[in-house]
Amino acid sequence: SSDLEDAKREGVEIKGGIMPLEVLKDANGRARALKMCKCTMDGMTPVPQAGTEFEIECDLIVSAIGQKGDMEGLEALDNGKGFINADKHFKVPGKDKHFVGGDIVRPHLLTTAIGHGWIASESINTFLKGEEFGKRPKVDVHHFNLIEVLRNMGREPEKFTTVDGERGTSSANFAIHNYEDRSTKDVVPSDELFLGHFSYTARNKRSEVHISADQVIGNFDERLKTLSDAEAVAEAKRCMSCGLCFECDNCLVFCPQTAVSRTPKNDRALGRYVYTDYSKCVGCHICKDVCPTGYIQMGLGE
């Protein structure tokens with residue numbers, strides 16, 4: 003990483019495969035050295051190697067060896083490792099009315115903790131309403147909800163009424179046509195994209211500032227420069243919108259049967275730009291082949 007390279011450039015010596023044993027103090031009780039030894043790993047636990055001890059003289063010792071929770075008063079929730087177990091609903095297994103999230107479950111990023119809170123809040127809401135906990139989606143993230151969009155437009159599907167002899171429909175308003183919820187699909191592989199639609203555009207990389215060892219002390223300037231507004235916009239425009247429709251009209255232009263049409267303006271909504279006339283569609287796959295983002299999938303869905 004750039005941090006590691008900067009540290010080496012500034013004269014920092016990095017040692018691996020060792021562990022601290024003891025802080026050695028002088029007659030005044032101040033730290034004078036750190037007693038270390040070589041170690042091996044047993045899973046995530048360092049194991050000291052006897053006879054490899056050595057000392058590192060020091061003026062200042064900074065402890066950066068990770069964290070765990072203070073479980074005082076919460077011993078019943080401790081999983082034995084200073085953390086608390088949670089299921090996919092972020093409910094504590096075996097503990098009714100207990101929900102948990104954040105670093106006490108798994109030390110990670112701030113955004114991860116925010117995600118835990120979002121799922122836990124949904125779970126608490128489900129619990130308070132006395133409802134059963136359903137199965138969480140495979141890809142547990144926020145995703146587009148077309149029904150909600152249509153509801154806000156006053157065009158949500160009508161209540162389903164059974165009609166004798168009807169096994170399918172391309173016109174009844176109880177169904178959402180030309181739509182499949184693919185929120186469980188995490189990655190759209192490159193072979194599902196029409197890459198010929200895109201021209202190569204170089205990345206807008208952030209520049210780095212390197213300083214010498216004698217400039218380090220007291221220097222708190224940013225080493226990794228931010229992008230300008232124009233560069234940030236240009237970088238965002240490189241997004242290929244994999245799996246999403248960005249209204250390029252390729253399916254309209256290339257369909258040899260004119261089976262694809264734009265959704266009428268009164269019915270158009272985010273995620274509902276075109277529709278297919280299945281009385282004309284012959285299943286030639288051309289619309290899928292020229293879809294830049296892999297949004298169009300042939301077949302009847304899962």
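Our numbering puts the first residue of the sequence shown at 3, with every later residue one more than the last.
By construction, the Cβ of each residue, glycine as well, lies at the ideal position given by its N, Cα and C atoms.
Have a look at the DSSP bridge pairing and note the partners of residue i.
{"i": "L26", "result": "A35"}
{"i": "F101", "result": "K93"}
{"i": "M21", "result": "C39"}
{"i": "V143", "result": "Beta-bridge pairing links V143 to no other residue."}
{"i": "T47", "result": "D44"}
{"i": "E210", "result": "L226"}
{"i": "D80", "result": "I86"}
Give the DSSP-derived three-state secondary structure of residue i in the structure shown.
{"i": "I116", "result": "helix"}
{"i": "A238", "result": "helix"}
{"i": "V151", "result": "helix"}
{"i": "E15", "result": "coil"}
{"i": "E306", "result": "The question about residue 306 has no answer here: the residues shown for the chain are numbered 3 through 304."}
{"i": "I126", "result": "helix"}
{"i": "L6", "result": "helix"}
{"i": "D72", "result": "coil"}
{"i": "E304", "result": "Unreliable placement is indicated for E304, whose pLDDT of 49 sits below 50; the coordinate value is still reported in the next sentence. Residue state, collapsed to three classes: coil."}
So, under 8 Å CB-CB, residue i and residue j are touching, yes? Tell me the CB distance rounded to an integer number of Å.
{"i": "R208", "j": "T228", "result": "7 Å"}
{"i": "L226", "j": "E237", "result": "The pair is not a contact, with the Cβ atoms about 15 Å apart (cut-off 8 Å)."}
{"i": "C39", "j": "Q51", "result": "6 Å"}
{"i": "G103", "j": "A122", "result": "5 Å"}
{"i": "L272", "j": "M242", "result": "No, L272 and M242 are not in contact; Cβ-Cβ is about 18 Å, not under 8 Å."}
{"i": "I58", "j": "L79", "result": "That belief does not hold up - the Cβ atoms of I58 and L79 are roughly 38 Å apart, past 8 Å."}
{"i": "C244", "j": "G296", "result": "6 Å"}
{"i": "I20", "j": "C41", "result": "6 Å"}
Roughly how many angstroms lie between the CA atoms of residue i and residue j, to the nearest whole one?
{"i": "F176", "j": "T163", "result": "8 Å"}
{"i": "N127", "j": "H144", "result": "17 Å"}
{"i": "V235", "j": "D28", "result": "57 Å"}
{"i": "A215", "j": "R11", "result": "7 Å"}
{"i": "R108", "j": "C293", "result": "40 Å"}
{"i": "G117", "j": "D193", "result": "31 Å"}
{"i": "T203", "j": "K239", "result": "10 Å"}
{"i": "M43", "j": "I67", "result": "15 Å"}
{"i": "A115", "j": "D291", "result": "40 Å"}
{"i": "G75", "j": "C250", "result": "59 Å"}
> At which residue ranges does the region 238 to 298 contain complete alpha helix (DSSP H) runs of 4 or more residues, listed in the order of the chain?
Replying inline: 252 to 256, 288 to 291
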